[in-house]
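Visitor: Got a structure here, written out as structure tokens. Questions coming.
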Amino acid sequence: MAGENPVDAKRPSRRGLLFAGAATGLGAIAALGIDSLAQSASPAGASEPLHGPETVPFYGEHQAGITTEPQAYASYVGLSLREEVDRDGVQKLLRLLTDDAARLTQGREALADTEPELAGLPARLTVTFGFGTAVLELAGSSAAHVKPLPEFGIDRLEPRWSGGDLLLHIAANDRLTVSHAQRMLLKDARSFATVKWIQDGFRRARGSEASGTTMRNLFGQVDGTVNLVPGTEDFNQLVWNEDGSTTMVLRRIHMNLETWDEVDRSGREFSVGRTLDNGAPLTGSQEHDEPDFRRLTVNGFAVISDQAHIRRARSENPGERIFRRGYNYDVPPAGEDISDSGLIFVSYQKSVSKQYVPLQQRLDQLDALNQWTTPIGSAVFLIPPGCQEQGFIGDTLFAA
Amino acid sequence: MLSASALVFLAGCSSSETGEPQASPAASTIEAKDLWLKATEDDMSSAFGIIENTGSSDVTITKVTSAVSANTGLHETVPNESGSMVMREKTGGFTIPAHGELELTPGENHLMIMDPQKPLEAGDDVTLTLVFSDDSSIELTAPVKDFAGAKESYDGTPSQSGHGH
């Protein structure tokens with residue numbers, strides 16, 4: 282226990298830091314390094330590969346946590362600034378939180394960290410910050426890009442899942458790491474802000490399936506097949522602003538598993554236009570086959586129906602595309618219900634109004650999936666560019 | 108990123124007075140990292156972090172000063188007669204061995220800042236000056252953070268409130 286070994290207890294072990302450093306820089310060689318170090322660390326489980334020491338760089342042109350391969354666990358925290366917090370105050374807050382994030386993501390304890398042992402296994406921890414209208418106005422920056430979405434007919438928005446002045450998006454492949462980082466960040470935010478909402482999300486655990494596999498939602502669907510691919514020209518054109526920023530739409534979409542249970546397999550596939558087993562379009566055989574929207578059945582009906590989700594989500598305008606990076610949620614139900622589940626829909630795009638809104642308007646007008654899904658939360662944030670050492674997230678907006 | 112920034116002042120070099128071979132001023136071999144202070148409304152704060160001696164001679168911190176308070180000190184935490192942990196002035200200062208480091212930790216050694224002239228609030232930066240036995244000194248700037256711990260009792264007072272002065 283910590284009390285018996287006060288020296289080691291104070292900081293992550295040097296071995297832990299070595300792991301983290303190796304995993305960051307050296308790719309395949311690092312993997313070997315981790316294995317061999319892991320052997321010396323735990324003779325009992327000699328060949329067990331350990332992922333806890335892996336890190337994602339914090340500093341850079343863009344914030345981490347967007348093009349990062351999605352980690353298994355994410356926590357989205359919406360904060361409301363306290364009334365008395367002014368421009369100077371919000372900068373102080375951002376400096377504190379940036380420092381915490383810079384340390385924790387690299388497997389180092391934060392300053393004043395009371396549980397430093399929990400910081401030693403970052404498991405690809407990322408902390409991504411988003412600014413709502415209030416923070417942008419304090420920065421003296423335009424908030425036009427993050428105004429609330431127009432009302433959609435299908436929305437049943439609840440204030441407890443909506444809005445927020447400052448977003449913390451914390452993600453890692455280890456749930457304990459996420460909890461510790463969240464607690465540390467919120468301890469430093471407490472003097473400046475209150476928690477408006479916290480949304481916990483998850484995907485498949487790391488190592489359950491190959492990285493890069495399209496995620497499945499709790500309807501069992503392959504969710505996110507058609508997506509912008511980080512690093513491509515398309516992605517750069519449609520996601521990143523010139524200064525390295527982007528915008529994020531976060532929608533809490535309740536999924537009614539009870540009524541979904543009433544739908545047989547063919548009805549489920551019909552509603553989306555894809556098969557359930559591998560996500561292939563109903564006109565194809567592989568997940569990434571291009572759907573043939575003109576193909577008809579022998580009876581003359583469209584194979585991918587007019588109200589199928591994938592038809593409605595597609596625009597003729599190639600500019601109306603977004604980068605999706607969502608998570609599942611599953612929280613304790615109320616009353617007689619046995620589940621309360623859904624999707625934390627997250628999209629990144631240069632322009633909310635030109636890319637996300639037209640897409641969502643089409644889905645709002647007609648989408649077979651709307652029978653079982655209900656948006657209950659909504660928030661829009663500017664995701665500032667990344668920062669350099671000595672800087673803080675958002676510093677360029679405050680300097681302007 | 109918040110890291111302690113340092114300014115070194117190389118005041119009167121005592122080694123030349125004693126006629127010993129010229130040694131580096133103590134402050135020039137000091138590196139501080141991960142420094143921070145506990146936020147406080149009006150009574151007391153402490154500074155924590157790691158003070159590293161990169162030199163080949165021992166150095167001794169004899170004093171800490173700061174513009175935010177006229178009442179500052181070097182404190183250690185020790186058990187009193189009844190076994191409770193209490194803090195008290197570190198007699199003779201903190202000596203950091205050559206190539207060694209001093210860890211300043213809540214509940215253990217720390218730099219004490221009593222009765223600050225104004226509240227030290229989370230996110231503020233505070234400058235501290237460490238003075239060494241050869242009169243050289245180093246200025247360090249560190250952030251203030253909210254911290255629930257570090258409620259040391261001050262030796263010699265009956266108060267158990269943690270505000271013992």
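First to last, the protein sequences are chains A and B.
Going left to right, the first sequence walks through residues 282 to 681 as the working numbering numbers them.
Going left to right, the second sequence walks through residues 108 to 272 as the working numbering numbers them.
All residues carry an ideal CB built from backbone N, CA and C; glycine is no exception.
Keep in mind the model is a prediction, meaning the values are calculated, not measured.
Note down, in chain order, every chain A residue with its Cβ under 8 Å from the Cβ of Gly-256 (chain B).
Guide: Thr-395
Visitor: For the beta strand (DSSP E) containing Met-496 (chain A), name the first residue and the last one.
Guide: Taken as a continuous stretch (DSSP letters only), Met-496 (chain A) belongs to no beta strand (DSSP E), as it is neither H nor E.
Visitor: Using 8 Å as the threshold, is the C-beta distance between Val-175 (chain B) and Ile-245 (chain B) below it?
Guide: no
Visitor: Could you say which of A:Asp-394, A:Arg-389, A:Thr-409 and A:Trp-442 lies nearest to Gly-401 (chain A) if we only look at CA atoms?
Guide: Among A:Asp-394, A:Arg-389, A:Thr-409 and A:Trp-442, the Cα nearest to that of Gly-401 (chain A) belongs to A:Arg-389.
Visitor: For Leu-114 (chain B), which residues does DSSP report across the bridge?
Guide: According to DSSP, which records beta bridges pairwise, Leu-114 (chain B) is partnered with B:Glu-246.
Visitor: Starting from Ala-382 (chain A), follow its DSSP beta bridges and name the residues at the other end.
Guide: DSSP, once it has assigned bridges, lists no residue as partnering Ala-382 (chain A).
Visitor: Would you list the residues sitting across from Ile-664 (chain A) in a DSSP beta bridge?
Guide: A:Thr-527
Visitor: Check this for me: beta carbons of Pro-666 (chain A) and Asp-524 (chain A), under 8 Å apart or not?
Guide: yes
Visitor: With burial defined as no fewer than 16 other Cβ atoms inside 10 Å of the residue's Cβ, what is the status of Ala-594 (chain A): buried or exposed?
Guide: buried
Visitor: Going by beta carbon distance, what residues of the same chain come within less than 6 Å of Arg-643 (chain A), once the five residues before and after it are set aside?
Guide: Apart from the 5 residues on each side of it in sequence, Arg-643 (chain A) sits with its Cβ closer than 6 Å to the Cβ of Arg-593 in its chain, given in chain order.
Visitor: Can Ile-674 (chain A) and Leu-362 (chain A) be called in contact, C-beta distance under 8 Å?
Guide: no
Visitor: Looking only at C-alpha atoms, which of A:Tyr-357, A:Ala-453, A:Val-427 and A:Leu-448 sits nearest to Pro-334 (chain A)?
Guide: A:Ala-453
Visitor: One question on the structure: do Val-503 (chain A) and Gly-560 (chain A) come within less than 8 Å of each other, judged by their Cβ atoms?
Guide: yes
Visitor: Count the other C-beta atoms from every protein chain shown that fall within 10 angstroms of the C-beta of Glu-601 (chain A), then say buried if there are 16 or more, exposed otherwise.
Guide: buried
Visitor: Closest Cβ-Cβ distance between Asp-141 (chain B) and chain A: below 8 Å?
Guide: yes
Visitor: Which whole-angstrom value is the C-beta distance of Pro-484 (chain A) and Pro-351 (chain A), which I expect to be below 8 Å?
Guide: As written in the sequence, residue 484 (chain A) is Arg, which differs from the Pro given in the question. Arg-484 (chain A) to Pro-351 (chain A), Cβ: 6 Å. Contact.
Visitor: Taking the C-alpha atoms as reference points, what is the distance between Asp-380 (chain A) and Phe-254 (chain B)?
Guide: 16 Å
Visitor: Short of 7 Å Cβ to Cβ, which residues in the region 445-479 of chain A face chain B?
Guide: When CB distances to chain B are screened at a threshold of 7 Å, the residues of the region 445-479 of chain A falling below it are Lys-468, Asp-469, Arg-471 and Ser-472, in chain order.
Visitor: Along the chain, which unbroken stretches of the alpha helix (DSSP H) at least 4 residues long are found entirely within the region 188-258 of chain B?
Guide: none
Visitor: Which runs of the alpha helix (DSSP H) fall wholly inside the region 421-505 of chain A and span at least 4 residues, in chain order?
Guide: Those alpha helix (DSSP H) runs which fall completely within the region 421-505 of chain A and span 4+ residues are 456-470.
Visitor: Is the Cβ-Cβ distance between Gly-359 (chain A) and Gly-444 (chain A) less than 8 Å?
Guide: yes
Visitor: The alpha helix (DSSP H) with Gly-359 (chain A) in it runs from where to where?
Guide: First-last for Gly-359 (chain A): 354-362, but that is the beta strand (DSSP E), not the alpha helix (DSSP H).
Visitor: Please confirm whether Lys-373 (chain A) has its beta-carbon closer than 8 Å to some beta-carbon of chain B.
Guide: yes
Visitor: Within 8 Å of any Cβ in chain A, is that where the Cβ of Lys-225 (chain B) sits?
Guide: no
Visitor: Closer than 9 Å by beta-carbon distance: list the chain A residues that pair up with Pro-250 (chain B), in chain order.
Guide: Lys-373, Arg-376, Leu-377, Asp-380 and Leu-392
Visitor: Counting only the same chain and skipping the five closest in sequence on each side, list residues whose C-beta sits under 6 Å from that of Ser-620 (chain A).
Guide: Leu-538 and Pro-614
Visitor: What does Asp-242 (chain B) reach in chain A if we use C-beta pairs closer than 7 Å?
Guide: Among the residues of chain A, none has a CB under 7 Å from the CB of Asp-242 (chain B); the nearest is roughly 30 Å distant.
Visitor: Check Thr-564 (chain A) in the structure and name its three-state DSSP category.
Guide: coil
Visitor: Would you identify the three-state DSSP class for Gln-396 (chain A), choosing helix, strand or coil?
Guide: In the sequence as displayed, the identity of residue 396 (chain A) is Glu instead of Gln. Reduced to three states, the DSSP call for Glu-396 (chain A) is coil.
Visitor: Keeping to the same chain, check which residues put their C-beta closer than 7 Å to that of Thr-169 (chain B); ignore five residues upstream and five downstream.
Guide: Gly-200, Val-238, Phe-239 and Ser-240
Visitor: Run through chain A and tell me which residues come within less than 9 Å of Asp-222 (chain B), C-beta to C-beta.
Guide: Those within 9 Å of Asp-222 (chain B) in chain A number zero; the least Cβ separation is about 21 Å.
Visitor: Per DSSP, what are the beta-bridge partners of Asn-609 (chain A) in this structure?
Guide: DSSP lists A:Phe-483 and A:Leu-624 as partners of Asn-609 (chain A).
Visitor: Give me the residue from B:Met-194, B:Gly-180 and B:Thr-179 with the minimum Cα distance to Pro-186 (chain B).
Guide: Of the listed residues, the one whose Cα sits closest to Pro-186 (chain B) is B:Met-194.
Visitor: Express the C-alpha separation of Gln-372 (chain A) and Ile-157 (chain B) in angstroms, rounding to a whole number.
Guide: 26 Å
Visitor: DSSP has Ala-680 (chain A) in a bridge; who is on the other side?
Guide: Note: Ala-680 (chain A) is not bridge-paired with any residue in the DSSP secondary-structure output.
Visitor: Below 8 Å, can you find three or more Cβ-Cβ pairs linking the region 407-420 of chain A to the region 654-662 of chain A?
Guide: yes
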